[in-house]
Structure formats: C-alpha cells, structure tokens
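**Student:** Dropping a structure here in structure tokens format, bear with me for questions.
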Amino acid sequence: MINIKLKKTILVVLDTILIMATIVPVLVLLKECIEAAIVGTIPWGFGYGVDYGEKIFGIEAFFYVMSFYLAFFFVLVALWAMLYVFTSFFTVFTLVYLKK
C-alpha cells in the first residue's frame, strides 16, 4: 500500500504536470500572435499566386491570428477549456487533501 507522503507527492507532481499542460498552449498562441504583430501576416484569402495582398501589422495582426486559431482549431480550444476546468478542480482537491 502507498504511504500518505508518497501519495501527496504524486498528487503534487500530477497537479504540476496538469498546470504545465494547461499553460503551454496559451503561451504558444501568444507567441504566434505577438510574432504576427511584429513581423506581420498576410490575411488568408487576399491574393493568389505571387500577387499577395498587403501585410497587416500590430494589434490587427494579433487579433487576426488569434481569431484564426480560435475558429479553425475550435475542437482543440474546447479540449483545452475542459482541461482547464479539470485542472482547476484537481488543484482545489490537491490543496484540500494536502491540508489533512
């Protein structure tokens, strides 16, 4: 049987892994949005072949890339939201369990 100290350690490690798994996708999305704001991005559907439309920069590019990710990766966003809720409840459970 697993002793209490080992069980608490496993809960803390598992909670840390869940928190990291929740934070990493947000950081990747922010990196892509900030990079698009600085470097610029060509909106999808503007121009074909070598005749591209103008690049957009700044907050417009930031919101364009963010809305692109949220719209086209909606299933992943929904899975991330469920992971976030589960991680929040698991963190509360871990804190309550560790106080015992």
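Everything in the sequence shown is counted per the numbering used here, starting at 234 for the first residue and increasing by one. Built from N, CA and C at the ideal position, the CB exists for glycine as well. Owing to the predicted nature of the structure, the values given are computational and were not obtained by experimental measurement.
#1: Looking at the secondary structure, which residues open and close the alpha helix (DSSP H) in which P258 lies?
#2: Measuring CB atoms only, is the region 315 to 322 touching the region 291 to 301, in the sense that at least three cross pairs come out at less than 8 Å?
#3: If you compare alpha carbons, which of T320, T327, V325 and V310 is closest to L261?
#4: Please tell me whether A270 and F290 are closer than 8 Å, where the distance is taken between their beta carbons.
#5: Would T274 be called buried (16 or more neighbouring beta carbons within 10 Å of its own) or exposed?
**Tutor:** The short version:
#1: That run of the alpha helix (DSSP H) goes I237 to V272.
#2: No, because fewer than three Cβ pairs between the region 315 to 322 and the region 291 to 301 fall closer than 8 Å, the two stretches do not touch.
#3: For the record, residue 261 in the displayed sequence is Val; it is not Leu. Here the closest residue by C-alpha is V310.
#4: yes
#5: buried
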